[in-house]
Amino acid sequence: MGKIRLLVFAIVVLVAAATLMSLNGCGTANSLTQPSKIQHVVVIFQENRTTDNLFQDPVLIGRGADIAQSGVDSNGHTIRLNKIDAVTDYDLAHTHQAFTLMCNLDKDTGQCQMNGANLVPDYCASGATDCPAPDLSFGYVNPDELQPYFQLAEQYTFGDRMFQTNQGPSMPAHQFILSGTSAPAADSNLFAAENPDQDSGCDAPATSTVDLIGPTGTETSNAPIYPCFEHQTLTDLLEARSLTWRYYTPSGWAIWNAPEAIRHICGPQTGAQGTTCQGSDFTQNVIISPTQVLNDIANQQLRNVSWVIPSGQASDHAGPSNGTGPSWVASVVNEIGNSPYWANTAIFITWDDWGGWYDHVPPPQVLLDCAQWGCGYIYGFRVPLIVVSPYARAKYISHVQHDFGSILKFIERNFALPTLGYADVAADDLSDCFDFSQAPLTFQTIQAPVNAQYFLNNKIPPTDPDDD
Numbered sequence: 449m450g451k452i453r454l455l456v457f458a459i460v461v462l463v464a465a466a467t468l469m470s471l472n473g474c475g476t477a478n479s480l481t482q483p484s485k486i487q488h489v490v491v492i493f494q495e496n497r498t499t500d501n502l503f504q505d506p507v508l509i510g511r512g513a514d515i516a517q518s519g520v521d522s523n524g525h526t527i528r529l530n531k532i533d534a535v536t537d538y539d540l541a542h543t544h545q546a547f548t549l550m551c552n553l554d555k556d557t558g559q560c561q562m563n564g565a566n567l568v569p570d571y572c573a574s575g576a577t578d579c580p581a582p583d584l585s586f587g588y589v590n591p592d593e594l595q596p597y598f599q600l601a602e603q604y605t606f607g608d609r610m611f612q613t614n615q616g617p618s619m620p621a622h623q624f625i626l627s628g629t630s631a632p633a634a635d636s637n638l639f640a641a642e643n644p645d646q647d648s649g650c651d652a653p654a655t656s657t658v659d660l661i662g663p664t665g666t667e668t669s670n671a672p673i674y675p676c677f678e679h680q681t682l683t684d685l686l687e688a689r690s691l692t693w694r695y696y697t698p699s700g701w702a703i704w705n706a707p708e709a710i711r712h713i714c715g716p717q718t719g720a721q722g723t724t725c726q727g728s729d730f731t732q733n734v735i736i737s738p739t740q741v742l743n744d745i746a747n748q749q750l751r752n753v754s755w756v757i758p759s760g761q762a763s764d765h766a767g768p769s770n771g772t773g774p775s776w777v778a779s780v781v782n783e784i785g786n787s788p789y790w791a792n793t794a795i796f797i798t799w800d801d802w803g804g805w806y807d808h809v810p811p812p813q814v815l816l817d818c819a820q821w822g823c824g825y826i827y828g829f830r831v832p833l834i835v836v837s838p839y840a841r842a843k844y845i846s847h848v849q850h851d852f853g854s855i856l857k858f859i860e861r862n863f864a865l866p867t868l869g870y871a872d873v874a875a876d877d878l879s880d881c882f883d884f885s886q887a888p889l890t891f892q893t894i895q896a897p898v899n900a901q902y903f904l905n906n907k908i909p910p911t912d913p914d915d916d
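Numbering follows the numbering used here, with no gaps: position 42 of the sequence shown is 490.
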């Protein structure tokens, strides 16, 4: 009996060790071995930029970040990326159809050839002086306008293999960052592909619809559906563990307000479709004011998990943004960094979609079951990622493949939550971006053109998303 007990004990130890290694990627010092050190997670979700477009930072490039200065168009010509301002008088198409054009899928290899950026349509503002013009997608933002982003990326962890999970614009992207899917129902293998034709969400007008794609990533012949979904989200997992959350957004329009498109969060309507969400989850946790996050941090009211969506002016979105995006992000990070929250917070800064801008890295295939995702479904294009925390690896370039599901998986493992069963299943957990055995990094205030008081005192109403 003694030998049997010893054998059973040994097996238990081995299984526990294997499980720990599985949960932590490799079981190394930088893995999620001490999740209690992170009590708050903040996801800052900016708009519509690729890594090549936004991070032409010589420091990051010198450290090995994979950032290109030129690309190839559909005619086989090499196009040098052109320096542009952060504020533009044009926008670029970033629909699922635009993804298909830029990807230019090689059916033999199943990989994007990444040579169709010149085919992406552009939309010129009234009175535009530099639009239309050839090769607008082949642009990179003037580094002088991005120094707060560069400071963050250079001090902490920068990911050069972060991919948008979906192949389209903001509405499905925000669904993926909330719940790992844009499926209309838990048992569906279809996904929202585009932004809705009118408003979106469970309080949208009854005539509003959203197009779907099938599990292979192709447009379906299914009729468009009403943009109100019903499936589990990360917020459900948090609440089941008595953990708190908030979603800060400038708009009641579900393109940038993911909870509004989830039936059990939006809740019962007070009237007909097209009124407002009345569910307690929505009214208590969805804050129609991005700047409220600054007050919540200052007043020691930060939730366990927060999604921070910018105003249109501070979004980095081509066209409607006014160039204050880097300052906005720095304001949120500085507020946390200079508060007691710094000691136990992880901040993930990423961009919801590629915005039509060129990027040279082809997205990989999703390694999930064919029934849900299709055999050969590929991620969306590459977007930047910055990981900020006292336990983030300093001055580190992560070449590990990440996607929006990676942020969900980090949260799940950090707070001992079950899996959602969607994009989080295939994703990594961002373990390589952290070292929980290191001495906590001391926060250094990020220098920016304007600070938190600018945003708190700005009386101009935040603009809604402009994702046509």
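C-beta: ideal position from N, C-alpha, C; glycine also. All values reported here derive from a predicted model rather than from experimental measurement.
DSSP places Asn501 inside the alpha helix (DSSP H), whose first and last residues are 499-502. According to the DSSP secondary-structure assignment, Ala840 is paired through a beta bridge with Phe882. Judged by their CB atoms, Ile859 and Val753 are nearer to each other than the 8 Å cut-off. Comparing alpha carbon positions, the residue from Gln886, Lys857, Asp880 closest to Ala874 is Lys857. DSSP lists Ser518 as the bridge partner or partners of Arg528. Note that the C-beta distance between Pro707 and Leu638 is not below 8 Å. Within a 10 Å sphere around the beta-carbon of Gln732 sit fewer than 16 other beta-carbons, which makes this residue exposed.
Annotated as distal: Tyr696 and Ser763, with beta-carbon spacing of 8 Å or more. For Met619, the closest of Val814, Pro812, Leu686, Asp647 by C-alpha to C-alpha distance is Asp647.
Annotation: the continuous beta strand (DSSP E) that includes Val756 extends over 753-756. Rounded to whole angstroms, the separation of the alpha carbons of Lys555 and Val781 is 43 Å. When C-alpha distances from Tyr674 are compared across Asp651, Thr683, Leu682, the shortest belongs to Asp651. The way I'd put it, the region 868-883 does touch the region 831-840; three or more beta-carbon pairs between them come closer than 8 Å. In summary, Pro663 is buried, with 16 or more beta-carbon neighbours lying within 10 Å of its beta-carbon over all protein chains present. Glu678 is bridged by DSSP to Ala633.
Classified as exposed, Val507 has fewer than 16 neighbouring CB atoms from the shown chains inside 10 Å of its CB. Taking the Cα positions, Leu904 is about 21 Å away from His765.
Just measuring C-alpha positions, the residue of Gln612, Phe611, Asp659, Phe606 sitting nearest Ala631 is Asp659. Annotation for Lys485: Asn792, Tyr839, Phe884 place their beta carbon closer than 7 Å to its own, counting only its chain and skipping 5 residues before and after. By the CB criterion at 8 Å, Asp729 and Ile713 fall inside the cutoff. For Gly828, the closest of Ile855, Lys843, Pro812, Arg841 by C-alpha to C-alpha distance is Pro812.
By the criterion of a C-beta distance shorter than 7 Å, Pro580 is surrounded in its chain by Asp570, Cys572, once the five residues flanking it on both sides are discounted. For the pair Val491 and Thr798, the Cα-to-Cα distance works out to about 8 Å. Pro910 is positioned such that its CB atom lies no closer than 8 Å to that of Gln740. Each of Asp608, Ile661, Phe606, Gly564 was checked against the Cα of Thr629, and the nearest Cα belongs to Ile661. In the DSSP assignment, Ala871 falls outside any beta strand (DSSP E) and within the unbroken alpha helix (DSSP H) covering 871-874.
In this structure, DSSP gives Thr798 an extended state, which the three-state scheme calls strand. Listed in chain order, the non-local C-beta contacts of Pro788 below 8 Å within the same chain comprise Gln748, local neighbours out to five positions each way being set aside.
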